[in-house]
Each structure stands twice: as C-alpha cells, then as structure tokens.
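Only one structure is covered here, and it is reproduced in the block below.
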Amino acid sequence: MKYLEELEQSALDRDIPIMQRAGLEELIGELIKRQSSSVLEIGSAVGYSALMMVNNVDHLTVETIERDDERYREAYQNIHDYHQEERIIVHHDDALLMDTATLKAAPYDCLFIDAAKAQYQKFFEKYIPYVKKDGFVFVDNLDFHGMIYDIDHIRNRNTRALVRKIKRFRDWIKNNDLYNVEYREIGDGICIITRKDFE
Ligand SMILES: C[S@@+](CC[C@H](N)C(=O)[O-])C[C@H]1O[C@@H](n2cnc3c(N)ncnc32)[C@H](O)[C@@H]1O
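Using full-length UniProt numbering, read the sequence shown as starting at 1 and increasing by one per residue.
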C-alpha cells in the first residue's frame, strides 16, 4: 500500500492528473458492492487508479487505455513493478481511434471514463456497446471544480468552452431515455450510469 501512496504523491508532485481519493474510493466501493470482475478504463495516466482498483477489489481485472507516450511507458513500468501484469492490460492508443477488436476482456462490468473531458460523449458512445447490460459507467470530474454551476463567470475562454462541453454531456446523458444517471457530489463530482431496462 505504501508503494501506491508514493505513486500518488509522485504523480501529484509532477502535476500528473490522477483521480481524487474520495472519487476513487467511491468507485472501488461500487465495484465491490456490484461484485464486478472487469473494468475498462479510458485514461490510465501512470496507472495509479488501475493499481488502486486491483489492489482493493478481489479478482478484478482492469483494461486501460492511455494515448500519451511518456505516461503509457510509466504506467506499463508501474504495473510491472507492482507485479500486476496478469490483472491489468494497458493499451498505448488514442481511445477514440483505437480498433475495438484489440480489446481483450470485453464485455466489461464497468466502463470508467477518466480521459479528455471534452470528449466524454464520444467515449461513452464508442465504448458502451462493450459494457454488460447489467454493468455500469462511472464518470469523474463532472463538477469541474464547481465551475459547472457558474459557467458565465469563467473568465478563461478555453476553460469556459471545456466546462460547457462537460455540461452538455451531463444534460445529454440526463435526457437519454435508455439510462439512469446518479450524480454524487464526491471528489470532483462523479456520476454512475446504468441501463434503465436492467434495474
Ligand atoms: C485524469 S488522467 C487519468 C488518471 C488516472 N485514471 C488515475 O486516476 O490514475 C487522464 C488521462 O487520459 C489521457 N487521455 C486523454 N485523452 C485520451 C484519449 N483520447 N485516449 C487515451 N487516453 C487519453 C491523458 O493523456 C491523461 O493521462
């Protein structure tokens, strides 16, 4: 466990975005509660959340995708150093371009979206067919540091455009007939999406 705390600290020290503890604990709790055995994660960074998941959920395997060269290399090394190659598969690819035929463990119990925030809907639409019907989707950063509630006062134009895109995803999924969406004000705002016809 110490190792993962060091990894967390090292990522934070280098401004590598990793999931906040509270959000990650919520995800882990949900995986345990639902007895999940497989996760597809979009956005590995250096492998911290994937390692935390397999470290805390018995029999879980994680398949994770990272497009950045340096982060992918570090994730691969960390997974190896922690002897979790059997339980974590890491792909070096852009999830929006990746050939889904290369996915190894589909269908998954959980899709965890934690990559480019402006693309949430695209990730969702591309990967939802690979989630089991009774599975769930977990999305992080939906409050964007609280800015989502006060978009007009965001001064930076790029940030405002990004937050608008996050809000668009929130509204789109909320108004979608197929899915139930549950928001929780945990970490940076998370949501859990499940199919309505599998309650
Ligand atoms: C917030 S970080 C992931 C943090 C990680 N889940 C954790 O908590 O340890 C987001 C990562 O997604 C990656 N990313 C962004 N867009 C991507 C894409 N289209 N395909 C794959 N990875 C992407 C970024 O390079 C970045 O490393």
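We put the beta carbon where it would ideally sit given N, CA and C, even for glycine.
Inclusion of residue 60 and residue 118 in the CB contact set at 7 Å is not warranted, their separation being larger than that value. Residues of the same chain with a CB within less than 6 Å of the CB of residue 89, apart from the 5 flanking positions on each side, are 63 and 104 in chain order. When the five nearest sequence neighbours on each side are left out, the beta carbons in the same chain lying within less than 7 Å of the beta carbon of residue 181 are those of 173, 174, 191 and 193, in order along the chain. Our two residues, residue 99 and residue 44, have alpha carbons roughly 17 Å apart in a direct line.
In the structure shown, residue 93 adopts coil according to DSSP, grouped into three states. In this structure, the straight-line span from the alpha carbon of residue 164 to that of residue 151 is close to 7 Å.
Taking 6 Å as the cut-off, one finds no heavy atom of ligand 1 near enough to the beta carbon of residue 129. Remark: the C-beta of residue 19 is in contact range of ligand 1, defined as less than 6 Å to any heavy atom.
Taking the Cβ of residue 73 as the reference point, every heavy atom of ligand 1 lies at 6 Å or farther away. Positions of the alpha helix (DSSP H) runs, each at least 4 residues long and wholly inside the stretch 101-183, are given as 120-127 and 157-174 in order along the chain. In this structure, residue 46 places its C-beta atom within 7 Å of the C-beta atom of residue 11. DSSP links residue 38 through a beta bridge to 61. By a beta-carbon distance limit of 8 Å, residue 42 contacts residue 95. Their separation comes to about 5 Å. About 4 Å separates the beta carbon of residue 187 from that of residue 20, a gap short enough to meet the 8 Å contact definition. Secondary structure at residue 18: coil, using DSSP grouped into helix, strand and coil.
Minimum Cα-Cα distance from residue 112 among the listed residues 15, 78, 26 and 14 corresponds to 26.
Annotation: the continuous beta strand (DSSP E) that includes residue 190 extends over 190-195. 7 Å or more divides the Cβ of residue 38 from the Cβ of residue 114. Residue 66 sits in a strand when the DSSP states are folded into three classes.
Residue 137 and residue 28 have their C-alpha atoms roughly 13 Å apart.
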